[in-house]
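Visitor:
Number of protein chains: 2
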Amino acid sequence: MNGYVDGRKLRFEHRRGEVLRAATEHALDHGLAGLSLRKVAQTVGVSHATLVHHFSTKDQLVAEIVDLVLTQSLALPDLADDDPEPLGTIWRRATSDQGRRYIRLFTAITGHAMHDNPMLRDAVARSMQQRTALLAAGLVRHGCPEPEAVALATSLLSTLRGLLVDLLVTDDEKRVRAAFDDLATELDRRSSAWPTPGAGPTPAGS
Amino acid sequence: MNGYVDGRKLRFEHRRGEVLRAATEHALDHGLAGLSLRKVAQTVGVSHATLVHHFSTKDQLVAEIVDLVLTQSLALPDLADDDPEPLGTIWRRATSDQGRRYIRLFTAITGHAMHDNPMLRDAVARSMQQRTALLAAGLVRHGCPEPEAVALATSLLSTLRGLLVDLLVTDDEKRVRAAFDDLATELDRRSSAWPTPGAGPTPAGS
C-alpha cells in the first residue's frame with residue numbers, strides 16, 4: 001500500500017478519473033465544439049501539462065468523455081425486471097435535469113459524428129447497438145416474441161431519442177409528453193397480446 | 001430588362017442563389033464544423049470579397065444554408081393525398097442517396113444546436129414544428145381523429161428521425177429496415193380503425 005511506485009500510480013489514477021469527470025461536466029455544459037485541452041485545464045484547475053500527461057491529446061480526452069456519456073445516456077442497467085412501467089421509468093430518468101444534460105451532449109456527439117469523424121461514429125454506433133440489444137432482451141423477458149424484439153427495440157429507442165431531441169429543441173413539453181403517452185399506450189396495447197412470461201406451457205423436458 | 005440598375009441587381013441576385021447552392025453542397029459533403037467563408041469561396045470559385053458582399057458574415061451564410069437544408073429534410077410538400085403508402089414514400093425519399101445527405105447535415109445541425117446556439121436552435125425548432133403540423137394535417141385527411149393527430153405526428157417524425165440517424169451511424173440497413181417495416185405495420189393496423197375520409201355521415205348543413 002505504501003510502496004512508492006504503487007502509491008504514486010494510485011494517486012495518478014485517482015487524479016485521472018477526477019480530471020475526466022470534471023472535463024465531462026465541462027462538456028455537458030458547453031458541448032464538444034469549443035473544447036480544448038487548455039480550456040479544460042483552466043476549468044478543471046489542473047495544469048496543461050497534467051492534462052497532456054493523462055490524456056496525451058484532445059482526441060483521446062474527447063474519446064473518453066464520449067465513452068462516459070454514451071454509457072450513461074438512455075442507459076437501462078439497473079432497471080428492475082418487475083418495474084411495472086419500464087418505459088415510463090426510462091422517460092422519467094431521461095427527462096430529469098441530469099438526464100437532459102446527457103441527452104443534449106449525446107445529441108451533440110451524434111451531430112459531430114456525421115461528417116468525417118469515424119472515431120465518434122464508431123463509438124455512437126456501438127452505443128446504439130448495445131442499447132438495442134439490451135432493450136430487445138428486456139422486451140423478450142416481458143414476453144415479446146423473439147422474432148420482433150430487435151425491430152421493436154430499434155423502433156422504440158429511435159422514438160425515444162427523437163422525442164427527447166424534439167423536447168430539447170422546441171421546449172414543447174406538452175406536445176412531446178402527449179406523444180410519449182401515445183407511444184406508451186400503443187406499447188401497452190401491443191404487449192397485452194404477448195404471453196405472460198413464465199405463464200406459458202412448460203417446455204418439454206424441463 | 002436592360003436597365004443598368006435592374007440588370008446588375010438581377011445578375012447579383014442570380015449569382016447569390018448560385019453561390020448559396022454551391023455553399024450548401026459543400027456543407028452537405030463536409031458539415032458545418034469546418035465551414036469558413038474562405039473555404040467556401042475557394043470551393044465555390046468566387047472571391048472572398050464576393051462572398052462577404054452577398055452574405056456579410058459566416059453566421060449569415062450558415063443561417064441560409066440551414067434554412068435550405070431544414071426546408072428539404074423530411075419535407076412532404078408534394079406528397080399526393082392519394083399516395084397509397086405515404087410513409088413508405090417518405091422513407092424511400094429520405095433513404096435515397098440524396099435524402100441521406102440532407103438527413104446527415106440536418107443531424108449535424110441539430111447537434112450544433114444543442115449548446116449555446118439559440119439561432120440554430122430556433123431554426124431547427126421551427127422546422128420540427130412545421131413538419132409536425134404538416135404531418136398532423138395529413139393524418140387528419142387520412143381519417144386520424146383530430147385529438148390524437150399532433151401526438152401521433154410528433155411520435156412518427158421522432159421515430160423516422162431516430163431510425164435515419166441509427167441507419168447513418170450504424171449502417172445496419174437490415175435491422176433499421178425491419179424496424180421501419182414494424183412501424184409501418186403498426187400504423188396500418190392503427191389507421192384501419194379510422195373512418196374512411198369522406199365516407200362518414202354527411203355533416204349537418206353541408
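Taken in order, these protein sequences are the chains called G and Y. Heads up, the final residue of the first sequence is numbered 206 in the UniProt record's numbering, and it's a clean run with no missing numbers. Heads up, the final residue of the second sequence is numbered 206 in the UniProt record's numbering, and it's a clean run with no missing numbers. We put the CB at the ideal spot given by N, CA and C, even for glycine.
Between G/GLY143 and chain Y, is the shortest Cβ-Cβ distance under 7 Å, so that the two count as touching?
Guide: G/GLY143 does not count as touching chain Y.
Visitor: Mind checking whether residue 228 of chain G and G/CYS144 have CB atoms under 7 Å apart?
Guide: A question about residue 228 of chain G goes unanswered here, because the residues of chain G that appear run from 1 up to 206.
Visitor: Let me check understanding here. Comparing Cα to Cα, which of G/LEU163, G/ALA49, G/THR50, G/ARG100 lies closest to G/VAL69?
Guide: Of the candidates G/LEU163, G/ALA49, G/THR50, G/ARG100, the one whose C-alpha sits nearest the C-alpha of G/VAL69 is G/ARG100.
Visitor: Determine the direct distance from the alpha carbon of G/THR110 to that of G/MET128, and round the result to whole angstroms.
Guide: Taking the straight line joining both Cα atoms gives about 11 Å.
Visitor: Could you tell me whether any Cβ in chain Y is nearer than 7 Å to the Cβ of G/SER155?
Guide: Closer than 7 Å: yes.
Visitor: Using a Cβ-Cβ cut-off of 7 Å, state whether G/ALA63 counts as contacting chain Y.
Guide: No, G/ALA63 does not count as interfacial toward chain Y.
Visitor: Quick check: what's the CA-CA separation for G/ALA108 versus Y/THR50?
Guide: If you take the alpha carbons of G/ALA108 and Y/THR50, they lie about 32 Å apart.
Visitor: Using a Cβ cut-off of 7 Å, which residues of the region 118-131 of chain Y contact any Cβ in chain G, in chain order?
Guide: Taking 7 Å as the Cβ-Cβ cut-off against chain G, the residues of the region 118-131 of chain Y that qualify are ARG121, VAL124, ALA125, MET128, GLN129.
Visitor: Could you give the residue range of the alpha helix (DSSP H) that holds G/ALA63?
Guide: Taken as a continuous stretch (DSSP letters only), the alpha helix (DSSP H) holding G/ALA63 covers 58-72.
Visitor: According to DSSP, simplified to helix, strand and coil, what is G/VAL46?
Guide: Reduced to three states, the DSSP call for G/VAL46 is coil.
Visitor: Taking 8 Å as the threshold, find out whether the region 48-62 of chain Y comes into contact with the region 15-33 of chain Y through three or more Cβ pairs.
Guide: Yes: the two stretches touch, three or more of their Cβ pairs being nearer than 8 Å.
Visitor: Does the distance from the C-beta atom of G/LEU28 to that of G/LEU105 stay below 7 Å?
Guide: Yes, the pair counts as a contact, with Cβ atoms nearer than the cut-off.
Visitor: Throw me the rounded Cβ distance for the G/THR132 and G/THR154 pair, which I believe falls under 8 Å.
Guide: Right, their Cβ atoms sit about 5 Å apart.
Visitor: Determine the DSSP secondary structure at G/ASP166, reduced to helix, strand or coil.
Guide: Helix at G/ASP166.
Visitor: So Y/SER158 contacts chain G; which residues on that side make the cut at Cβ distance below 9 Å?
Guide: Within chain G, the residues near Y/SER158 are SER158, THR159, LEU160, ARG161, GLY162, LEU163, LEU164, VAL165, ASP166, VAL176, ALA179, LEU183.
Visitor: Along chain Y, which residues have their Cβ under 8 Å away from the Cβ of G/VAL169?
Guide: Residues of chain Y passing the Cβ test: THR110, ALA113, ARG121, VAL124, ALA125, MET128.
Visitor: Look at the alpha carbon of G/GLY17 and the alpha carbon of G/ASP59, and state the distance between them as a whole number of angstroms.
Guide: Computed Cα separation, rounded: 17 Å.
Visitor: Reducing DSSP to helix, strand and coil, say where G/MET114 ends up.
Guide: The answer is coil: DSSP assigns G/MET114 none of H, G, I, E or B.
Visitor: Using DSSP with H/G/I as helix, E/B as strand and the rest coil, what is G/ASP188?
Guide: Helix.
Visitor: Nearest chain G C-beta to Y/GLY31 closer than 7 Å, yes or no?
Guide: Y/GLY31 counts as touching chain G.
Visitor: Please check if any C-beta of chain Y sits within less than 7 Å of the C-beta of G/THR57.
Guide: No, because no Cβ of chain Y sits closer than 7 Å to the Cβ of G/THR57.
Visitor: Since Y/LEU37 and Y/LEU61 should fall inside the 8 Å C-beta cutoff, what is the C-beta to C-beta distance between them, to a whole number of angstroms?
Guide: The Cβ separation is near 7 Å, so the contact holds.
Visitor: Give a yes or no on whether the minimum CB-CB distance between G/THR43 and chain Y is below 7 Å.
Guide: Not closer than 7 Å to any Cβ of chain Y, the Cβ of G/THR43 fails to qualify, so no.
Visitor: Restricting to Cα atoms, I'd like to know which of G/VAL140, G/GLU85, G/LEU32 is closest to G/TYR102.
Guide: Of the listed residues, the one whose Cα sits closest to G/TYR102 is G/LEU32.
Visitor: Assuming Y/MET114 and Y/ALA63 are in contact, meaning their beta carbons sit under 8 Å apart, how far apart are those beta carbons, in whole angstroms?
Guide: So it is not a contact: roughly 17 Å between Cβ atoms.
Visitor: For G/ASP188, does the count of other Cβ atoms within 10 angstroms reach 16, so buried, or fall short, so exposed?
Guide: With fewer than 16 Cβ atoms within 10 Å of its Cβ, G/ASP188 is classed as exposed.
Visitor: Given that G/ARG92 touches chain Y, what residues does it touch there, using C-beta distances under 8 Å?
Guide: Residues of chain Y passing the Cβ test: none, with the nearest at roughly 18 Å.
Visitor: Name the chain G residues that come within less than 9 Å of Y/ARG104, Cβ to Cβ?
Guide: Simply MET114, HIS115.
Visitor: My output table needs one value for G/ALA33: the three-state DSSP class, helix, strand or coil.
Guide: Residue state, collapsed to three classes: coil.
Visitor: For Y/VAL66 versus Y/VAL44, is the C-beta spacing smaller than 7 Å?
Guide: For Y/VAL66 and Y/VAL44, no; Cβs fall outside 7 Å.
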